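As they're listed, the protein sequences go chains A and B. Here this note's numbering is used: the first residue of the first sequence is 1, the next is one more, and so on. Here this note's numbering is used: the first residue of the second sequence is 1001, the next is one more, and so on. Every residue, glycine too, gets a C-beta built ideally from N, C-alpha and C. Treat the numbers as computed from the prediction; the structure is a model and nothing was measured. Here the structure is laid out as structure tokens; the discussion comes afterwards.
Protein chains: 2
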Amino acid sequence: MDIVQKILDGDIRAVARLMRDIDDEIPSAKEVLKELYPHTGKAYVIGFTGSPGVGKSTLVDRLVDKLRAEGKTVGILAIDPTSPFTGGAILGDRIRMQRHFLDPGVFIRSLATRGHFGGLTRSTHDMIDVLDAMGKDVIIVETVGVGQDEIEIAHTAHTTVLVTVPGMGDEVQAIKAGIMEIGDIFVVNKSDREGSRKTVRELRNLVELGLRRHKTEGPPWEPPIIQTVASKNKGIDELYEAIIKHQKYLFDNKATKLEQVLYDRAKLHFIGILRDQLFNTVIERARERGEDLDLLVSKIVHRDVDPYSLANELVERELVNSKSKEK
Amino acid sequence: MDIVQKILDGDIRAVARLMRDIDDEIPSAKEVLKELYPHTGKAYVIGFTGSPGVGKSTLVDRLVDKLRAEGKTVGILAIDPTSPFTGGAILGDRIRMQRHFLDPGVFIRSLATRGHFGGLTRSTHDMIDVLDAMGKDVIIVETVGVGQDEIEIAHTAHTTVLVTVPGMGDEVQAIKAGIMEIGDIFVVNKSDREGSRKTVRELRNLVELGLRRHKTEGPPWEPPIIQTVASKNKGIDELYEAIIKHQKYLFDNKATKLEQVLYDRAKLHFIGILRDQLFNTVIERARERGEDLDLLVSKIVHRDVDPYSLANELVERELVNSKSKEK
């Protein structure tokens, strides 16, 4: 297949077209992804997550400079909330592209989150596979916020970097409550601001709490807390070194740690694909019968039927009867 | 069914047990939900969303005081990121419960986001139905962050309140890029802080931009921008009045606006139920065949098969052949 070879050769236009096809759910894209899959698994994936306003993009841009100086090629997936009228994701791309526009060693793609009904996870992993197959050494996945899908996605990176800023007491609370254990590295960005030390101290306490309470197989990893001022390029070397150190930790503990990361990522991807495919097929069949989704939902709104019974009905009609299939 | 009547009568212990069963995906919970469904559709649902640290919980607590003073009963669903070792959601419940513990007119439930693989949307809507059936006048759904699911959930409320704080320039950018159009009311909380006016001005510009560009059926709604200091109980009356005004707007424009909200919510709920049910049934059948999810994922990790082909295989095996079913 011509397009498969082009992507393996790193042809940027072919990659961009495939990504657009994935976004638009063009069936042929799936065939290409199938053929690319055996060529994936070589890239190192780094996840960046944190609330809006903590400066993730600037931090990622600086890290990319560092990675490029080290001779690594980089793919970036920026997962943005999207707006129909501002075209958020596309705007983001343009601003970012200015810095790395002339560098063929960097490929940047924004992913919108609109109207996917859970499809974000699947399409993000599709995109990771494409960047991996095209030969990028490092793939950076940047997710905004603390949403369920976004946490799950960041968590399946080899190394997950959790970014915060000083003076967000409640932010640290939120980290504590929810996403503490997904962070392999903590970054306090804008650390020239007041309250930086306090935030570092709070994070350190949380890390120690986590280490004490969490018992998994293999030696533990103590998440470092890095202070950065990304806009002034401060702390980027330290962040880079922390990532390298975590990478070494994963590969030193292949069976207990690295395998777990790869397994979690494949699982999330597969579940996303299977869920989408089942749902899309069943809805398509209902439509062929003259029952489109609008009609089904109207019945629920008017309380002619409850949503559970209606879902039951579709499942029972479309799924092969397990009794008759098994001997 | 005894439990159905108990819930309709507002029996708190029966409600709490049903909610736990929904969380644990106990099959009997679905049967109860089916019977409750005809009794739902009476409550007014308000969504609160915003980044961690903007003070959503305090704001909601104050609004609840106001609603109680007006004689309304209230159900609160707080969707929190959860931690296995801090028990985030439960902790949150306890803190909140202290304020409204002795008030039988308030029911608070936290919902965790761990490991649901998209099930958050479905279980949130299940919980809304339970609170609705038990007779709560107002249901407040509080979501953290700007995640895809969280935005979708907040968006299906009758009235969606978007909360921010002064001095988060990038935060406003994020609102601009992503979630501007889901906000029916904007709140600048902690508005005694520096930069409050600037934030209000920026939001106003965005609102005007949105009004100019967005053409939907029926008269437009101009989202008000309310300044609050929730910790000092300032601006809560204004927020309450804005909600009442938006409610009136929805009911004055029943065919074009209210119906749309109800349709969107039912659609999101139904899609969530159907997706979960299809996936769970197919995975259960694979397990019965001796192919559990772990085994399937291992094949993908070792690149014996790509995830698309494996999903295809399961879909083709489990779904009734559409050709033979249609005449």
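Notebook entry, point to check: Just how far apart, CA to CA, sit L206 (chain A) and P224 (chain A)?
Noted result: 12 Å
Notebook entry, point to check: Roughly how many whole angstroms lie between the Cα atoms of G195 (chain A) and R201 (chain A)?
Noted result: 10 Å
Check: Cα separation between E31 (chain A) and G218 (chain A)?
Finding: 39 Å
Check: So, F1270 (chain B) versus A311 (chain A), is the Cβ gap smaller than 8 Å?
Finding: yes
Check: In angstroms, rounded to a whole number, what distance separates the CA positions of G1075 (chain B) and I283 (chain A)?
Finding: 33 Å
Next item on the list: Use the C-beta contact count for L1250 (chain B): other C-beta atoms within 10 angstroms, 16 or more gives buried, fewer gives exposed.
Entry: buried
Next item on the list: Please list the partners that E318 (chain A) has in chain B, where partner means a Cβ-to-Cβ separation under 7 Å.
Entry: L1319, V1320
Next item on the list: Tell me, please, whether the CB atom of F1107 (chain B) is closer than 8 Å to any CB atom in chain A?
Entry: no
Next item on the list: With 8 Å as the threshold, decide whether the Cβ of Q277 (chain A) is near any Cβ in chain B.
Entry: yes
Notebook entry, point to check: Is L18 (chain A) close to chain B, meaning its C-beta is less than 8 Å from at least one C-beta of that chain?
Noted result: no
Next item on the list: Measure the CB-CB distance between S1333 (chain B) and A1078 (chain B) and report whether it falls below 8 Å.
Entry: The shown model of chain B, from 1001 to 1327, leaves out residue 1333 (chain B), and the question about it has no answer.
Margin query: Taking the alpha helix (DSSP H) that G1272 (chain B) belongs to, which residues open and close that run?
Written below: 1259 to 1288
Check: Taking 8 Å as the CB-CB limit, is G10 (chain A) close to chain B?
Finding: no
Check: When you compare only the Cα positions, how much space is there between A1154 (chain B) and A230 (chain A)?
Finding: 33 Å
Item checked: Min CB distance L1211 (chain B) to chain A below 8 Å -> no
Next item on the list: Could you tell me whether any Cβ in chain B is nearer than 8 Å to the Cβ of K30 (chain A)?
Entry: yes
Check: Along the segment 1185 to 1203 of chain B, what residues have a CB closer than 7 Å to any CB found in chain A?
Finding: none
Check: Mind checking if G1041 (chain B) is an interface residue toward chain A, Cβ cutoff 8 Å exclusive?
Finding: yes
Note to self: Strictly below 9 Å CB to CB, what residues from chain B border R303 (chain A)?
What the structure shows: Y1037, P1038, T1040, G1041
Check: Leaving out five residues before and five after S322 (chain A) in sequence, what residues of the same chain have Cβ atoms less than 6 Å from its Cβ?
Finding: Note that S322 (chain A) has pLDDT 43, beneath the 50 cutoff, so the model's placement of it is unreliable and the number below is only indicative. Same-chain partners within the cutoff: there are none.
Checklist line | Minimum C-alpha distance to G1041 (chain B) - residue among B:L1268, B:K1232, B:D1132 | finding: B:D1132
Checklist line | Straight-line Cα distance separating K136 (chain A) from L1296 (chain B) | finding: 27 Å
Margin query: Going by the DSSP bridge assignment, what does V301 (chain A) pair with across the sheet?
Written below: According to DSSP, which records beta bridges pairwise, V301 (chain A) is partnered with nothing at all.
Note to self: What residue range does the beta strand (DSSP E) around T1256 (chain B) cover?
What the structure shows: Here T1256 (chain B) belongs to no beta strand (DSSP E), and DSSP marks it neither H nor E.
Next item on the list: Taking C-beta pairs closer than 8 Å, name the residues in chain B that H269 (chain A) reaches, listed in chain order.
Entry: I1300, P1307
Next item on the list: May I ask which residues mark the beginning and end of the beta strand (DSSP E) holding L1162 (chain B)?
Entry: 1159 to 1164
Next item on the list: On a CA-only basis, which of A:L162, A:Y240, A:D292, A:F186 is nearest T143 (chain A)? Give me that one, please.
Entry: A:L162
Next item on the list: Can you check DSSP and say which residues form a bridge with G1050 (chain B)?
Entry: B:V1144
Check: What's the gap between the Cα of K1190 (chain B) and the Cα of G119 (chain A)?
Finding: 36 Å
Next item on the list: Please check if any C-beta of chain E sits within less than 8 Å of the C-beta of S51 (chain A).
Entry: As a matter of chain content, chain E is missing from the structure shown, whose protein chains are A and B.
Next item on the list: Quick one: grab the DSSP three-state call for I1139 (chain B).
Entry: strand
Check: Do you know how far the Cα of H302 (chain A) is from the Cα of T1073 (chain B)?
Finding: 25 Å
Next item on the list: Mind checking which residues open and close the alpha helix (DSSP H) that includes I128 (chain A)?
Entry: 119 to 133
Check: Does any residue of chain B bring its CB to less than 8 Å from the CB of D335 (chain A)?
Finding: Here chain A has residues from 1 to 327 only, and residue 335 (chain A) is not among them.
Next item on the list: Taking the CB atoms as reference points, tell me whether I139 (chain A) and I128 (chain A) lie closer together than 8 Å.
Entry: yes
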